[in-house]
Each structure stands twice: as C-alpha cells, then as structure tokens.
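The block underneath contains the structure these notes are about, expressed in structure tokens.
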Amino acid sequence: MNERTLAIIKPDAMAARRAGAILSMIEEAGFRIRAMRLMRLTRAQAEGFYAVHREKPFFDSLCRFMTEGPVIVMVLEGEGAIQRWRELMGPTDPAKAPEGTVRKLYGTNIERNAVHGSDGPDTARFEVSYFFPGVELVE
Ligand code: ATP
Ligand code: MG
102 MNERTLAIIK PDAMAARRAG AILSMIEEAG FRIRAMRLMR LTRAQAEGFY AVHREKPFFD
162 SLCRFMTEGP VIVMVLEGEG AIQRWRELMG PTDPAKAPEG TVRKLYGTNI ERNAVHGSDG
222 PDTARFEVSY FFPGVELVE
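Those letters in the sequence shown? Residues 102 to 240, by this note's numbering.
Structure (structure tokens):
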C-alpha cells in the first residue's frame, strides 16, 4: 500500500552533519520525499508532537533535546513506508540496532537517536498534519 510517514532528522544528527548521509540512505531505499522543512522546534511544538509521552520520566529531557538545534522534518512516501522507514531507522536504542540502520550508524544513546519515524497509520496522519497543515504534498 502506498503510504506516507513523517520522518525527522533530530538535532544530534544535524549537529554532527549527518543530514546528507541520512537523506542519501532515504533516497537509496526508494522513498519519495513529498515535503521537507528545516526548522527549530519551539518548546510548545516539541511538547505537542510528543504529547503521548507526557507522563514519561524522559519527557522533559526529550523536549529539551528536540529543541536544542534545528531539525529536518519530512514526509516520506512509498509502499509500506511507515514500517520500512522504522526498519531503516532501527530500534529506539542504538545499542540494539542492527548493522546498516540509521540509528546504529548515527545514534548515540536511547534519547539521542538521530531520527524519528511515525509508528502507525493514525500517528502518521497526525504527525504529517502537525508539521504540514493544509500543505499540498508534492506529487
Ligand atoms: P521516535 O518516536 O522518535 O521515532 P521511537 O518510536 O523509537 O522513536 P518512542 O518510544 O516513541 O521511540 O520514544 C520517543 C523518543 O523519546 C525516542 O526516539 C527517544 O528520543 C526518546 N526516548 C525513548 N525512550 C527513552 C528513554 N528510556 N530514555 C530517554 N529517552 C527516551
Ligand atoms: Mg515513537
């Protein structure tokens, strides 16, 4: 099924100048990039985006991390894009990530893990409209 998912290159990977390498991985894996923004999240934007994690002990630290520098936010499209992007990212903890995944290559620890991906169709719909409200995605 042709799907759309939201991807973020997080502030750690941006600061380490890995954005180009990660974009290459995305292109080589066959995703189509339908929208892209370079932005610095406000605290309110980070809190709203990660609202499902509000009660978690790492929430404050996560929001500080996500606002510490610019990020690249993207809509990726392709067959099974949600699951395929999660597989290319690897698991949340880079220490557990298989060889060749983005988080294995560029993640530092369970918080500073280089990239984000939507975890299901409902989340993807919410997250795409969170950063690209009313935007016509490029065909
Ligand atoms: P993401 O939603 O960013 O794609 P994920 O779905 O793999 O990552 P979630 O459980 O949704 O993981 O957690 C969201 C983010 O919160 C993680 O990517 C990571 O940056 C941070 N995080 C998750 N678990 C922890 C933890 N135990 N300690 C610190 N930070 C964490
Ligand atoms: Mg998640």
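Cβ atoms here follow ideal geometry from the backbone N, Cα and C, with glycine treated the same way.
Between Arg185 and Asp220, the gap from beta carbon to beta carbon reaches 8 Å or more. Set against 7 Å, the gap from the CB of Ser230 to the closest heavy atom of the ligand ATP is not smaller.
Secondary structure note for Ile109: its beta strand (DSSP E) is the uninterrupted segment 103–110.
In the structure shown, the three-state DSSP call for Gly218 is strand. Straight-line spacing of the CA atoms in Ala147 and Ala120 works out to 20 Å.
From the listed residues Tyr151, Gly235, Arg135, Thr209, the smallest Cα separation to Arg165 is found for Tyr151. For Ala145, the secondary structure class from DSSP, reduced to helix, strand or coil, is helix.
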